[in-house]
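Peer 1: So my numbering is basically just the index in the sequence shown, starting at one, shifted up by 10.
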Amino acid sequence: MGKALIAGGNANAWQNTPVLTQDNNHAVVKSLEHVIRADAGNKFIAYNNIPPDIPKVKTKSNSKGVLMMNPGDQDEASWIVHTIPGFPKALTGYVFPPAEIQKGHLFICLTIKESEIDAIEDA
């Protein structure tokens, strides 16, 4: 079990989170729904210096994240920055890498406008 500080709640109240290794509709699963569900309407870009199912990739970056555009809204997007190698596996359902379960990880989820993506890319 982990802890989450969620915007809009009591700023000093960390909340217990459900087990993040299972697909039980917790905040991470909900945030990634446009990536992990097999749907032709999904629009996303995932980046990871240790991508899933691709061995021996060499990069000079340590970045990991997912940029997701809401297919139901013309100007809504989310950006998750995280620390989990090989995560997420797109279009395969929610699978948390078993080797990462005992390690501490970070998820930061930002809601942005799709029209702001170019400015983020340029930064």
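Note that the Cβ used here is the ideal one computed from N, Cα and C, for glycine as well.
Model, not experiment: these values are computed from the prediction.
1) Looking at ILE94: is its Cβ nearer than 8 Å to the Cβ of LYS68?
2) Reducing DSSP to helix, strand and coil, say where LYS68 ends up.
3) Assign ILE90 to buried or exposed, taking buried as 16 or more other Cβ atoms, counted over all protein chains shown, within 10 Å of its Cβ.
4) Rounded to whole angstroms, how far is the Cβ of THR121 from the Cβ of SER71, which I believe are closer than 8 Å?
5) Taking the CB atoms as reference points, tell me whether VAL76 and ALA56 lie closer together than 8 Å.
6) Have a look at PRO61 and ALA109 and give me their C-alpha separation to the nearest angstrom.
7) Quick one: grab the DSSP three-state call for HIS92.
8) Which two residues bound the contiguous alpha helix (DSSP H) that contains ILE118?
9) Return the residue from the list MET78, LYS113 and PRO98 that minimises the CA-CA distance to SER125.
10) How far does the beta strand (DSSP E) with ILE130 in it reach, from first residue to last?
11) Can the beta-carbon of VAL45 be found less than 8 Å from the beta-carbon of ASN34?
12) Can you tell me whether ASN58 is buried or exposed, with buried defined as 16 or more other CB within 10 angstroms of its CB?
Peer 2: With the given structure in hand:
1) In the sequence shown, residue 94 corresponds to position 84, counting from 1. In the sequence shown, residue 68 corresponds to position 58, counting from 1. Their beta carbons are not under 8 Å apart, which means ILE94 does not touch LYS68 by this criterion.
2) Sequence index remark: in the sequence shown, residue 68 carries index 58 (1-based). It is coil, neither helix nor strand.
3) In the sequence shown, the residue the question calls residue 90 occupies position 80. That one is buried.
4) Taking the sequence shown and counting its residues from 1, one reaches residue 121 at position 111. Taking the sequence shown and counting its residues from 1, one reaches residue 71 at position 61. THR121 to SER71, Cβ: 24 Å. No contact.
5) For the purposes of this step, residue 76 is identified with residue 66 of the sequence shown, where counting begins at 1. For the purposes of this step, residue 56 is identified with residue 46 of the sequence shown, where counting begins at 1. Yes, these two residues count as a Cβ contact at 8 Å.
6) Looking up residue 61 in the sequence shown gives position 51. Looking up residue 109 in the sequence shown gives position 99. Linking PRO61 to ALA109 through their CA atoms gives a straight-line distance of about 14 Å.
7) Within the sequence shown, numbered from 1, the residue matching residue 92 stands at position 82. DSSP, reduced to helix, strand and coil, places HIS92 within a strand of the structure shown.
8) Residue numbering aside, residue 118 sits at position 108 when the sequence shown is read from its first letter. Note, ILE118: premise wrong, no alpha helix (DSSP H); beta strand (DSSP E) at 117-122.
9) As a first step, residue 125 must be located in the sequence shown, where it is residue number 115. Selected option, being the one with the closest Cα: MET78.
10) Taking the sequence shown and counting its residues from 1, one reaches residue 130 at position 120. Per DSSP, ILE130 lies in no beta strand (DSSP E); the unbroken alpha helix (DSSP H) holding it starts and ends at 127-132.
11) Indexing the sequence shown from 1 puts residue 45 at position 35. Indexing the sequence shown from 1 puts residue 34 at position 24. A distance of 8 Å or more separates the beta carbons of VAL45 and ASN34.
12) Locating residue 58 in the sequence shown gives position 48, where the first residue counts as 1. That one is buried.
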